[in-house]
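Trainee:
2 protein chains.
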Amino acid sequence: MDIILSSIRQPVNDHVYLKDPESTELGRRIVNGSIDLIYELGFEAFTFRKLAELIGSTEASVYRYFESKHKLLLYLSSWYWSWMDYKVLFSITNITEAEDRLERALLALTEEVKLDTNFLHIDEVKLYQIVIAESSKAYLTRSVDEENRYGVFTAYKNLVARVSELVLAINPTFKYPHMLISTVIEGAHLQRFFASHLPRLTDTLQGEDAVCSFYREMVFSTIQVAQDHA
Amino acid sequence: MDIILSSIRQPVNDHVYLKDPESTELGRRIVNGSIDLIYELGFEAFTFRKLAELIGSTEASVYRYFESKHKLLLYLSSWYWSWMDYKVLFSITNITEAEDRLERALLALTEEVKLDTNFLHIDEVKLYQIVIAESSKAYLTRSVDEENRYGVFTAYKNLVARVSELVLAINPTFKYPHMLISTVIEGAHLQRFFASHLPRLTDTLQGEDAVCSFYREMVFSTIQVAQDHA
DNA sequence: CTACTTAAAATAGTAATACTATCGAAAAAC
DNA sequence: GTTTTTCGATAGTATTACTATTTTAAGTAG
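Those protein sequences? They're chains A and B, same order as listed. If you want this note's numbering, it's the 1-based position in the first sequence plus 92. If you want this note's numbering, it's the 1-based position in the second sequence plus 92.
This is the structure in structure tokens:
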């Protein structure tokens, strides 16, 4: 999977950085260091000064790659959505049956990221936790509209579009495919957060991953008005 | 509705304020002013200094009511969840049929707040928009666990518990009632945000409120495995 | 009417944050 | 081997999120 991912140029929209961090050693240290540090401190307490100290560089050097810590968060989110899109794509490759395709895609979307598939230079497990707790802050801002115009959220939209297509392949008359899938994606993240911090807002069950089971049941029963799904 | 709401003391957990803003004229101006200003500027650009200027007071005076702007956001969120809980309670009062009860509760949860039911001193329409764009920032922090221990999120949990009961009244064996309802609540807010700013992540339809319709269909098909719902 | 209490305005100050600007050295590219 | 790019070093600024202290005004109790 790393081979394909790295062979695709520009997984992240170039409006989010001043200089491509993948292009230099320092750039990669900035991205990796920021993942470690945001994971550790949370986005609010994370600063470029602390990051610079961690990676043995200077604040000014970090600013040469990212205009602001908000743009860095956009970068990380965007990277994550691209990665997830490939993960979904891979999970359905060579699978022909429509329901099977959707089921696999949903699993890819909702399962907990625990193992480092890390052939790449990014720690996906930490990035997953960051996305759960911080990624909504990337778009819940006054600058969404402008950033959206620059295509910053394209990766996310592509992912939603891809899985929506799988829904429509099963039920072409279903009216809310994007709503359904964005509900699943954001919901699955949120339920993980609730399970860790506000458990009364969710349900945890022994012996199964309740998040995966719930969203699978939810999607299939919602789209199949009068059909059955095993 | 105002009579009942105001007759219930402490709709908001007292850990979020230093001094109850409902107890004084200045306190009420702080709350109302903050709603106007956060609505206008967004939570990031909102400061106590600007608020003080708006309401003709001083920064130090605002700090006598709220320890931080984060606590003020917790206050506003908590107020909103209590208000929503009463809205749901009212919508199902005297309704006996289980499916009808759930349907009405879901409508209360997902419908757009457009009219000021404002007998009260709070502008619910603006508060609704604030909750959509900012309320997740109230719990997506490093201090959630501690704040949760102080009962800051009780109003939200009560709301989820109340509607979950309505789900269980229809299908007592349904395994994920809290997950379902918190998915609906957060999802409905998010879809409103997407409709305004990232429309490719949602679906809008003419002549119907797609958010309400979608979540109604979703909930009923998910909980009724082999039943029908008109 | 006065003493006491509470509330809020006025003013000042601080540490940290989120940047911006400039300059020189070293490394890389041509 | 020179030009360009890259980065480190240093310095500085406006703003933010608070804290502290003192003064003034308003209620309230006896």
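Even for Gly, the Cβ is constructed at its ideal location relative to N, Cα and C.
1) So, is the C-beta of A:A253 closer than 9 angstroms to a C-beta in chain B?
2) Helix, strand or coil: how does DSSP classify B:H213 here?
3) Return the residues of the stretch 282–301 of chain A that lie within a Cβ-Cβ distance of less than 8 angstroms from chain B, sorted by chain order.
4) Does the beta carbon of A:E159 come closer than 9 angstroms to any beta carbon on chain B?
5) Taking the CB atoms as reference points, tell me whether B:E204 and A:L232 lie closer together than 9 angstroms.
6) Use the C-beta contact count for B:D295: other C-beta atoms within 10 angstroms, 16 or more gives buried, fewer gives exposed.
7) Quick one, which of A:E117, A:G134, A:F138, A:G279 has its alpha-carbon nearest A:R308's?
8) Given that a residue counts as buried once 16 or more other Cβ atoms are within 10 Å of its Cβ, and exposed if not, what is A:K206?
9) For chain B, is any of its Cβ atoms less than 9 angstroms away from the one on A:H357?
10) Which bits of chain B does A:T314 rub up against, with CB to CB less than 7 angstroms?
11) Could you tell me which whole alpha helix (DSSP H) segments of length 4 or greater appear in the stretch 125–179 of chain A?
12) Please report the distance separating the alpha-carbon of A:E189 from that of A:A261.
13) Taking the continuous alpha helix (DSSP H) assigned at B:K111, which residues delimit it?
14) Report the three-state DSSP secondary structure of A:Q283 (helix, strand or coil).
15) Can you grab the Cα-Cα spacing for the pair B:G119 / B:Y157, in whole Å?
16) Of all the CB atoms in chain B, is at least one closer than 9 angstroms to the CB of A:Y172?
17) Determine, using beta carbons only, whether B:E278 comes closer than 9 angstroms to chain A.
18) Specify whether the stretch 216–224 of chain B and the stretch 163–181 of chain B touch according to this definition: at least 3 beta carbon pairs, one from each stretch, less than 8 angstroms apart.
19) If I measure Cβ to Cβ from A:L110 and keep anything under 7 angstroms in the same chain, skipping five residues before and after, which residues do I get?
20) When we look at the beta-carbon of A:Y131 and count the other beta-carbons within 10 Å, is it buried (16 or more) or exposed?
21) One question on the structure: do A:K161 and A:F182 come within less than 9 angstroms of each other, judged by their Cβ atoms?
22) Spatial neighbours of A:I187 within its chain, please: CB distance less than 8 angstroms, with the 5 preceding and 5 following residues excluded, ordered by chain position.
23) Leaving out five residues on either side along the sequence, give the residues of the same chain with a beta carbon under 8 angstroms from the beta carbon of A:L129.
24) Can you find a CB in chain B that lies within less than 9 angstroms of the CB of A:S228?
25) In whole angstroms, what separates the C-alpha of B:I214 from that of B:L198?
26) Which bits of chain A does B:L232 rub up against, with CB to CB less than 8 angstroms?
27) In whole angstroms, what is the alpha-carbon distance linking B:P269 and A:L293?
28) How is B:V104 classed by DSSP in three states: helix, strand or coil?
29) DSSP three-state label for A:K206, please.
30) Could you give the DSSP three-state label for A:D320: helix, strand or coil?
31) Measuring CA to CA, which of A:T246, A:S149, A:V217 is closest to A:V108?
32) Please identify the residue among A:I273, A:S313, A:K267, A:T275 whose C-alpha is closest to the C-alpha of B:Q298.
33) Identify each residue in the stretch 261–274 of chain A for which the Cβ-Cβ distance to at least one residue of chain B is less than 9 angstroms, and report them in chain order.
34) A:K249 touches chain B at which residues, Cβ-Cβ below 8 angstroms?
35) Less than 9 angstroms between the C-beta atoms of B:L282 and B:V180, yes or no?
36) What three-state label does DSSP hand A:P264 in the structure shown?
Mentor: Inspection of the coordinates gives the following:
1) yes
2) coil
3) L282, Q283, F285, F286, H289, L290, R292, L293, T294, D295, L297
4) For A:E159, the answer is no, since every Cβ of chain B falls outside 9 angstroms of its Cβ.
5) no
6) buried
7) Comparing Cα-Cα distances from A:R308 to each of A:E117, A:G134, A:F138, A:G279, the minimum goes to A:G279.
8) exposed
9) The question about residue 357 of chain A has no answer here: the residues shown for chain A are numbered 93 through 322.
10) E309, M310, S313, T314
11) 140–147, 151–155
12) 10 angstroms
13) Bounds of any alpha helix (DSSP H) do not take in B:K111, whose DSSP letter is neither H nor E.
14) helix
15) 7 angstroms
16) no
17) yes
18) yes
19) R156, Y157, F158, E159
20) buried
21) no
22) R193, R196
23) F138, K142, L143, L146
24) Yes, A:S228 counts as interfacial toward chain B.
25) 23 angstroms
26) A225, E226, S228, K229, F285
27) Answer to the nearest angstrom: the Cα atoms are 9 angstroms apart.
28) In this structure, B:V104 counts as coil in the three-state DSSP scheme.
29) coil
30) Confidence in A:D320 is poor, its pLDDT being 47 and thus under 50, which makes the residue's placement too unreliable to answer from.
31) A:T246
32) A:K267
33) If you check each beta-carbon in the stretch 261–274 of chain A against every beta-carbon of chain B, the ones closer than 9 angstroms belong to K267, Y268, P269, H270, M271, L272, I273, S274.
34) L290, R292, L293
35) no
36) Three-state DSSP puts A:P264 in coil, outside helix and strand.
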